[in-house]
Amino acid sequence: YFKPFLGDDPELRNQDGVIEWINDYWDARLDRPDSTVEAVVREVADPRHYVRRLETGSLLSGGIDLLCSGRQDSNYAKAVADFDWTRLFEKLHGELFIAAAKAILTGPGGYDYVLVDSRTGVSDTSGFCTVLLADTLVVCFTYNNQSVIGASQIARDIKHQAEQRRRAALEAGEALRFR
366 YFKPFLGDDP ELRNQDGVIE WINDYWDARL DRPDSTVEAV VREVADPRHY
416 VRRLETGSLL SGGIDLLCSG RQDSNYAKAV ADFDWTRLFE KLHGELFIAA
466 AKAILTGPGG YDYVLVDSRT GVSDTSGFCT VLLADTLVVC FTYNNQSVIG
516 ASQIARDIKH QAEQRRRAAL EAGEALRFR
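Below, the structure written as structure tokens:
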């Protein structure tokens, strides 16, 4: 949908995105074992470094920035398929990283609106998009029985995951607030 506004890289072959951003955090955590989690999170959590301003010309008085899923080259599918989401969250404090990113995106100096397009229910990537990043979730579907039933099941699953994560965070006494 954004191809006409992507300028000299319409296929996003050279544009870093979510997978490169999360891999940069992963690498920073592993490369600096003596640094505190908070220090690494603050250094790497800002996803705006991976954002591209769409070339809308005079169509808009404001602007639209795009954080794509990742560089669309021959390595993309493997990078996504091989990523260890469980290790990110269980060993590398992924929830703190995502909470900090959310605070940056929506806090002072951030964006008025952040829309996240996610193929819910397909991968672990969807879970972090829908459960950790979203304040409000809009589930879209086509008007047929299979799609309505599938969308309602996905919405129930997401609600359940969000409740589990909230309970776990409260039990652990973790504060997910960053400035």
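Residue numbers (this note's numbering): 366 to 544.
Even for Gly, the Cβ is constructed at its ideal location relative to N, Cα and C.
For clarity, every value in this text was computed on a predicted model and none was experimentally measured.
The beta carbon of leucine 498 lies closer than 7 angstroms to those of Ile463, Lys467, Val481 in the same chain, with the five residues before and after it left out. Glycine 382 is positioned such that its CB atom lies closer than 9 angstroms to that of tyrosine 415.
Residue pairing by DSSP places aspartate 430 opposite Arg418 in a beta bridge. Separation of alanine 446 and aspartate 438 (C-alpha to C-alpha, rounded to the nearest whole angstrom) is 14 angstroms.
In the DSSP assignment, arginine 397 falls outside any alpha helix (DSSP H), carrying neither H nor E. Secondary structure of phenylalanine 506 (DSSP, three-state): coil. For arginine 417, the CB contacts under 6 angstroms within the same chain, skipping 5 residues up- and downstream, are Gln380, Leu431 in chain order.
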